[in-house]
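For reference, the structure discussed in these notes is given below.
In the working numbering, the protein residues as written are 434 to 687.
Here you go:
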């Protein structure tokens, strides 16, 4: 039963390795841009599988649908009306758009973000509680500190209609990331019970734990190749190192 799950993970690792080279060094040809959508779907599926090992099937299904639908809806409000995140438009480089506004892959991206920040911050705050919710939300913002400059400046996955001090990105975007992540992590906190964890959870927890750093590494490589994003590179690298430092220290103490 677990073989197909492992195959999905291996396919993701292959797609990731190729993506680091092709996207990271701007070698991706225009006819292969559909691979971006496949990558986000695969990354999101890792998050889905993580939740299905964290929760029983019925509860995991609820969590997955809540994350996908709520995040997509909030992204729609941001793109259409400038609510929460700020005013921006998605380009056509992420595949088919829902409602003609947001790519269908955005929900998968949020599944990746919430799953990986959950796996990371639960190692730091294993007892959960409000500190887990706050730290998980901050970890999501740390991830966006490198994602947004690269996606906007280097790859033009979306275009901001208003500027800001941080690489012409409005501060409301980072506030939006924190709020959306906070609400979704609060839902998970309210539903999570340690005794409900499924068989093989530890293995998928490790995979998702390192997924956070893998994604940041990919965007750091892309930022280095693009040039001019050294502030984002150093800031995200430092803060990610701090998060993993606390997580590994807690792991040794337990």
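We put the CB at the ideal spot given by N, CA and C, even for glycine. Keep in mind that this is a model prediction, so the values were computed, not measured.
Reduced DSSP secondary structure (H/G/I, E/B, other) of residue i
i: residue 633; result: coil
i: residue 490; result: helix
i: residue 602; result: strand
i: residue 626; result: coil
i: residue 617; result: helix
i: residue 424; result: A query on residue 424 cannot be resolved here, the shown segment of the chain reaching from 434 to 687 and no further.
i: residue 435; result: coil
i: residue 459; result: coil
i: residue 569; result: helix
i: residue 686; result: helix
i: residue 511; result: helix
i: residue 466; result: coil
i: residue 646; result: helix
i: residue 597; result: coil
i: residue 446; result: helix
i: residue 662; result: coil
Closest by C-alpha distance to residue i, when choosing among the options
i: residue 633; options: 473, 616, 651 and 483; result: 483
i: residue 582; options: 602, 567, 574 and 573; result: 602
i: residue 525; options: 672, 538 and 514; result: 538
i: residue 443; options: 462, 476, 455 and 461; result: 476
i: residue 445; options: 468, 459, 621 and 472; result: 472
i: residue 461; options: 663, 655 and 670; result: 655
i: residue 612; options: 544, 567 and 677; result: 567
i: residue 490; options: 588, 452, 624 and 441; result: 624
i: residue 622; options: 493, 598, 562 and 440; result: 562
i: residue 463; options: 440, 626, 528 and 492; result: 528
i: residue 677; options: 494, 661, 643 and 648; result: 643
i: residue 606; options: 576, 620, 619 and 631; result: 576
i: residue 493; options: 630, 649 and 615; result: 630
i: residue 435; options: 523, 551, 543 and 485; result: 485
i: residue 574; options: 478, 496 and 649; result: 649
i: residue 604; options: 515, 448 and 497; result: 515
i: residue 449; options: 469, 551 and 544; result: 469
i: residue 638; options: 523, 545 and 498; result: 545
Nearest-angstrom beta carbon gap, residue j and residue i [assumed within contact, 8 Å]
i: residue 571; j: residue 500; result: The Cβ separation is near 18 Å, so there is no contact.
i: residue 480; j: residue 547; result: 7 Å
i: residue 509; j: residue 488; result: At roughly 26 Å, the Cβ-Cβ gap does not stay under 8 Å, so residue 509 and residue 488 are not in contact.
i: residue 651; j: residue 457; result: 6 Å
i: residue 549; j: residue 641; result: 6 Å
i: residue 556; j: residue 636; result: The Cβ separation is near 15 Å, so there is no contact.
i: residue 653; j: residue 579; result: 6 Å
i: residue 627; j: residue 521; result: Contact doesn't hold; Cβ gap of about 39 Å is too wide.
i: residue 478; j: residue 441; result: 6 Å
i: residue 543; j: residue 504; result: 4 Å
Those residues which DSSP pairs with residue i across a bridge
i: residue 559; result: According to DSSP, which records beta bridges pairwise, residue 559 is partnered with nothing at all.
i: residue 523; result: 591
i: residue 517; result: Residue 517 is not bridged to any residue.
i: residue 536; result: 530
Own chain residues within Cβ distance below 6 Å of residue i, not counting five before or after
i: residue 534; result: 509, 512 and 513
i: residue 609; result: 517 and 518
i: residue 659; result: 587
i: residue 691; result: In the structure as shown, the chain starts at 434 and stops at 687, and residue 691 therefore has no counterpart that could be examined.
i: residue 438; result: 482
Same chain only: Cβ atoms within 7 Å of residue i, ignoring 5 sequence neighbours per side
i: residue 474; result: 538 and 541
i: residue 665; result: 578, 579, 582, 600 and 656
i: residue 453; result: 651 and 654
i: residue 558; result: 564, 565 and 568
i: residue 675; result: none
i: residue 680; result: 553, 556 and 557
Cut-off 8 Å between Cβ atoms - residues of its own chain near residue i, not counting five sequence neighbours on either side
i: residue 585; result: 591, 592, 593, 600, 601 and 602
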